[in-house]
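The structure appears right after this line, and notes come after that.
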Amino acid sequence: MLLNTEIIYYKSHIYILFDLNALKTENMTTTKPAVVIIGNGMVSYKFCEKLIAKSSNFEIIVFGEESRPAYDRVHLSEYFNGKSAEDLSMSPLTWYADNGIHLHLNDPVQEINREEKTVHTLKGINQHYDYLILATGSSAFVPDIPGVEKQGVFVYRTIEDLDLILAYAANAKEAAVIGGGLLGLEAAKALIDLGIKEPHVIEFAPRLMPRQIDQAGSKMLQMKLNELGLRIHLNKSTSRIGGEDKIDALHFADDTQIHVDMLIISAGIRPRDELAQLSGLKTGTRGGVVVNDYMQTSDESIFAIGECALHEGMIYGLVAPGYEMADVAVNTLCDSEKSFSGYDMSTKLKLIGIDVASFGDPFIAEPDCRSIVMDDSHKGVYKRINISNDGKHLLGGILVGDATSYNMLLQTVKNNIILPPNPEDLILGSRGESANDGSGAMSLPDDALICSCESVSKGAILHAVKEDHITTLDGIKKCTKAGTCCGGCVPMVKDLIAGSLKESGIYVKNVICEHFNYSRQELLDVIKINNVKIYDEALDHFGKGDGCETCKPVVASILSSLWNDVIVKQAPTQDSNDRYLANIQKGGTYSVVPRIPGGEITPDKLIILGQIAKKYALYTKITGGQRIDMFGAHVNDLPDIWEELIDAGFESGHAYGKALRTVKSCVGSTWCRFGLHDSVSFAIEIEERYRGIRAPHKIKGGVSGCVRECAEAQSKDFGIIATEKGWNLYICGNGGSKPQHAQLLASDIDKETCIKYIDRFLMFYIKTADPLTRTATWLNKMEGGLTYLKNVILNDSIEICGQLETEMQGLVDSFHCEWKEVVTNPELRKRFVHFVNAPEKKDPTVEFDTFRTQIKAKDWL
Amino acid sequence: MIINTDIELQAEASIEWFLACNEEDVPENGGACIDYKGEQIAIFNFTRRKEWYATQNLCPHKQQMALSRGMIGSAGESCEPKVACPFHKKTFSLLSGECASGEDYTIKTYPVKLSAGQVFIGIQ
Numbered sequence: 000m001l002l003n004t005e006i007i008y009y010k011s012h013i014y015i016l017f018d019l020n021a022l023k024t025e026n027m028t029t030t031k032p033a034v035v036i037i038g039n040g041m042v043s044y045k046f047c048e049k050l051i052a053k054s055s056n057f058e059i060i061v062f063g064e065e066s067r068p069a070y071d072r073v074h075l076s077e078y079f080n081g082k083s084a085e086d087l088s089m090s091p092l093t094w095y096a097d098n099g100i101h102l103h104l105n106d107p108v109q110e111i112n113r114e115e116k117t118v119h120t121l122k123g124i125n126q127h128y129d130y131l132i133l134a135t136g137s138s139a140f141v142p143d144i145p146g147v148e149k150q151g152v153f154v155y156r157t158i159e160d161l162d163l164i165l166a167y168a169a170n171a172k173e174a175a176v177i178g179g180g181l182l183g184l185e186a187a188k189a190l191i192d193l194g195i196k197e198p199h200v201i202e203f204a205p206r207l208m209p210r211q212i213d214q215a216g217s218k219m220l221q222m223k224l225n226e227l228g229l230r231i232h233l234n235k236s237t238s239r240i241g242g243e244d245k246i247d248a249l250h251f252a253d254d255t256q257i258h259v260d261m262l263i264i265s266a267g268i269r270p271r272d273e274l275a276q277l278s279g280l281k282t283g284t285r286g287g288v289v290v291n292d293y294m295q296t297s298d299e300s301i302f303a304i305g306e307c308a309l310h311e312g313m314i315y316g317l318v319a320p321g322y323e324m325a326d327v328a329v330n331t332l333c334d335s336e337k338s339f340s341g342y343d344m345s346t347k348l349k350l351i352g353i354d355v356a357s358f359g360d361p362f363i364a365e366p367d368c369r370s371i372v373m374d375d376s377h378k379g380v381y382k383r384i385n386i387s388n389d390g391k392h393l394l395g396g397i398l399v400g401d402a403t404s405y406n407m408l409l410q411t412v413k414n415n416i417i418l419p420p421n422p423e424d425l426i427l428g429s430r431g432e433s434a435n436d437g438s439g440a441m442s443l444p445d446d447a448l449i450c451s452c453e454s455v456s457k458g459a460i461l462h463a464v465k466e467d468h469i470t471t472l473d474g475i476k477k478c479t480k481a482g483t484c485c486g487g488c489v490p491m492v493k494d495l496i497a498g499s500l501k502e503s504g505i506y507v508k509n510v511i512c513e514h515f516n517y518s519r520q521e522l523l524d525v526i527k528i529n530n531v532k533i534y535d536e537a538l539d540h541f542g543k544g545d546g547c548e549t550c551k552p553v554v555a556s557i558l559s560s561l562w563n564d565v566i567v568k569q570a571p572t573q574d575s576n577d578r579y580l581a582n583i584q585k586g587g588t589y590s591v592v593p594r595i596p597g598g599e600i601t602p603d604k605l606i607i608l609g610q611i612a613k614k615y616a617l618y619t620k621i622t623g624g625q626r627i628d629m630f631g632a633h634v635n636d637l638p639d640i641w642e643e644l645i646d647a648g649f650e651s652g653h654a655y656g657k658a659l660r661t662v663k664s665c666v667g668s669t670w671c672r673f674g675l676h677d678s679v680s681f682a683i684e685i686e687e688r689y690r691g692i693r694a695p696h697k698i699k700g701g702v703s704g705c706v707r708e709c710a711e712a713q714s715k716d717f718g719i720i721a722t723e724k725g726w727n728l729y730i731c732g733n734g735g736s737k738p739q740h741a742q743l744l745a746s747d748i749d750k751e752t753c754i755k756y757i758d759r760f761l762m763f764y765i766k767t768a769d770p771l772t773r774t775a776t777w778l779n780k781m782e783g784g785l786t787y788l789k790n791v792i793l794n795d796s797i798e799i800c801g802q803l804e805t806e807m808q809g810l811v812d813s814f815h816c817e818w819k820e821v822v823t824n825p826e827l828r829k830r831f832v833h834f835v836n837a838p839e840k841k842d843p844t845v846e847f848d849t850f851r852t853q854i855k856a857k858d859w860l
Numbered sequence: 000m001i002i003n004t005d006i007e008l009q010a011e012a013s014i015e016w017f018l019a020c021n022e023e024d025v026p027e028n029g030g031a032c033i034d035y036k037g038e039q040i041a042i043f044n045f046t047r048r049k050e051w052y053a054t055q056n057l058c059p060h061k062q063q064m065a066l067s068r069g070m071i072g073s074a075g076e077s078c079e080p081k082v083a084c085p086f087h088k089k090t091f092s093l094l095s096g097e098c099a100s101g102e103d104y105t106i107k108t109y110p111v112k113l114s115a116g117q118v119f120i121g122i123q
């Protein structure tokens, strides 16, 4: 057996390398050699995928102990917010069958007979193997705390665990997680999702995520997690789990205790090496099957990959190195030369919505390096980079709260890129006038690893774009698999696609959809120049096919922005909300929002809103934009409701449209003892100026009467804040899923100048933004950024301001209340029915529940 | 082919035509909803293609009576006519009823007949 071996010396270890060719000829019979895989997790799946891609000369047999085929354990916690077991599945059962893989589920292997080369399973199968792959993964490490056997104590590892947790959490009020690492914090998030208020997290170490981040990073993370309602206890050692049969308390070594009726233990993983031990394979003293650089165990026909494998004293608890091991094992089986030489443990993850990343050597400290640290507890961002003492190279770092620069930093470490003279720019951003031109990814060397999960290099992506002419993200995903695992590299992949197209001289634009090969800005221009007034005309001249739900609302919005016609006249090209001039809600009823400019309303009008809501049995709520929303209106009732509202002096609030929503205000100098100017009057003036104007997305404004900023104007698309000398104007702020503060456009300006600038700003946005792009994203993508925009608006650098002002004035002058048009037009009113053959009949499937003395929509079925 | 036609004819014979509404009751290039003995049917006036379609009004995704309020259009080189539910933009072929957004839903489709400005829906 050992005839064809060679001995190599590598990293001061001695390895004996077996010639597998020799092994194969020895075992080769007329049938294909059998590769048996024990375990059906992500790494096992990846092994199968890679093996069938590389060779069809093997018979593949997989034994899994769970009832489901391999699923995505990395995103396990998404099971609690709606993803089903099927969503998490790596591939359906048919995939195995289609590829000739024999998959045995629910059938764990119980014994390996190395002499006869067979495995024996629980269900009694005796399976011969030529090569055996151990992909048994790991189990949750449960520390030896008295009471762990009590009811209500769980681990967090499999979908079955999650189902048990789900069932038990329904009756639990207080819960805790032992373990402040990645999985522990995910488990705590899951508890919040399950309705547990303020779960406890108990960590033995003095900091959270001790493997990834340092003390200061942990402090920042802890602050952010506290805000989200987690109660973190560090330096805590649990001595006992209290309770009769069920857990009712956790007792700690420092004689304190907390009351809990549920506990999830997530204190780490333990490699599953029982089978290997039983069969006499070499295992580590602290667990794990010892493997060489080719993933072979001490028995050369048995391999171990993933979390059960112990390579040079390391267990790799991440999926990316597991995939790499699978690749090495496949290559070894197929006689290609590939070895495993450790794996970079850099990670970036989103933990409960908080970015956490560490890369390179995060913990290296002075005097071996110099560290630059940014610790901003105001924004909740902590960044640390470690640079070499000569200032030339990046060695590693930690990011908490904002990891947008992770990919670039990681590439800088991996490719040993020489640092710029001011390396602090890497974490602080460029602070001079020149903005980042986004060419970052293109400046990397070709062998830079972009997708580390699937080992896809920059060169491979560029090749796919340039040689195979694949220009979409989905195409690249299919062709190279980049971005298909954790998705962290997707922004870089996008940049590379755009960058390499640009390099090839191909003009990159975001076309609207398959029917219009134009960007929104181009389409707006051609529609304007050609005086197009209706959707079908635009489609006939500039598009193809019959349109769709993407281009119809875009064109409808462009037509409105250009001509400001009554939108209901072209109702079927409008999105449902614009078609019925109301917001469709769960259950198919609509909500009604009259305009309340600046949030100022008289008692009489308040009473009328109350009376109308009562009359039509509507649910009422104050909105975030300081107005009153009335929910649960049948489509048939909308015109009558609006008739009454209009009679009382209300008008449409355009809450249904991609249009100006509200201009929020604080009470200002008329009442407030701090107020500098009358913010309410200014807010009303501005809201009435821009009401009804259609834009690529909704627009919100705010006016604050002093620097205390009670109107939260800096979170709006345009925000105005009173100063001693006038007003400061901020633009491109955004709440929503990716909040962004508005940036200062001009300071201490008077009202007229302020309005002039907003006119120019909004009109420029309306004319140039992509569909459904808020002003913040529009600015982020703009070449030249704020500096450019300032030049356009303040200095008229592209000589467009006069035109923008005229066009805006045109829209302001042509304002009309859309609901008034409907209410006074019997033909338009007729459209507001549920059944055209029974106009009086309301939708009988609409049902409400009673909730806090009001109605609420029935839950989704 | 001949056999197919026979089957179609047989099928035709067993269809009961229900008078749904007048042509002008359904907006051009849009939809409307019909009450047929307690069943809700969405009917689409695809003026641009000079075609009419009818489907169930219920979107199977979240069980909402909404397809008649969706936008219609076409997909792909073959210009497959489709409707998008206003709730979450799941799209369905108006020909086969199959969901084009990748899910395993199918909606019921009905034949439509026009006669003297009146719209009939075929019920089998």
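Chains as they are written, first to last, in numbering that gives the first Met the number 0: chain A, 0 to 860; chain B, 0 to 123. Even glycine gets a Cβ: it sits at the ideal position worked out from N, Cα and C.
is_contact[residue i, chain B] using C-beta, thresh 9 Å
i         : result
Leu-575/A : A small correction: the amino acid at residue 575/A is Ser; Leu does not occupy that position in the sequence shown. By this cut-off, Ser-575/A is an interface position.
Glu-820/A : no
Sub-9 Å separation of residue i and residue j beta-carbons
i         : j         : result
Val-702/A : Ile-730/A : no
Lys-235/A : Glu-202/A : yes
Ile-240/A : Lys-149/A : yes
Ser-512/A : Cys-550/A : The question names Ser, but residue 512/A in the sequence shown is Cys. Closer than 9 Å, so yes.
Asp-758/A : Trp-726/A : no
Closer than 9 Å to chain A by CB, residue i
i        : result
Gln-39/B : yes
Ala-19/B : yes
Gly-96/B : no
Pro-80/B : yes
Cut-off 7 Å between Cβ atoms - residues of its own chain near residue i, not counting five sequence neighbours on either side
i         : result
Gly-458/A : Asp-445 and Asp-446
Ala-537/A : Ile-526, Val-531 and Val-554
Gly-624/A : Arg-660, Thr-661, Lys-663 and Lys-699
Gln-739/A : Gly-732, Asn-733 and Ala-775
Limits of the beta strand (DSSP E) - the one that residue i falls within
i         : result
Phe-251/A : 248-251
Ile-698/A : 698-703
Glu-58/A  : 58-62
Pro-270/A : 268-270
Gln-916/A : The requested residue 916/A does not occur in the structure, where chain A is confined to residues 0 to 860.
His-540/A : Per DSSP, His-540/A belongs to no beta strand (DSSP E); it is in the alpha helix (DSSP H), 534-541.
Ser-590/A : 589-591
Lys-347/A : 346-350
Cβ-based neighbour list, residue i, same chain, cut-off 6 Å, excluding 5 preceding and 5 following
i         : result
Val-832/A : Asn-635 and Pro-838
Asp-716/A : Ile-698, Lys-699 and Thr-774
Leu-50/A  : Val-329
Chain-order list of residues whose beta-carbon lies under 8 Å from that of residue i (same chain, five-residue window excluded)
i         : result
Asp-436/A : Residue placement at Asp-436/A is poorly supported in this model, since its pLDDT is 40, which falls under 50; the coordinates still yield a value, given next. Hits under 8 Å: Glu-782.
Ala-115/B : none
Boundaries (first-last residue) of the alpha helix (DSSP H) holding residue i
i         : result
Val-791/A : 784-793
Val-525/A : 519-528
Gln-862/A : Here chain A covers residues 0 to 860 and nothing more, so residue 862/A does not appear.
Thr-774/A : 774-780
Cys-450/A : Cys-450/A -> not in any alpha helix (DSSP H); beta strand (DSSP E) instead, spanning 448-450.
Cys-550/A : 550-562
(request) Can you give me, in chain order, the residues of the stretch 535-548 of chain A that have a beta carbon less than 7 Å from any beta carbon in chain B? (result) Asp-535, Gly-544, Asp-545, Gly-546, Cys-547 and Glu-548
(request) Closer than 9 Å, Cβ to Cβ, to anything on chain B: give me those residues from the stretch 142-176 of chain A, in chain order. (result) none
(message) Along the stretch 807-836 of chain A, where does the CB come closer than 9 Å to a CB of chain B? Name the residues.
(response) Lys-829, Arg-830, Val-832, His-833, Phe-834, Val-835 and Asn-836
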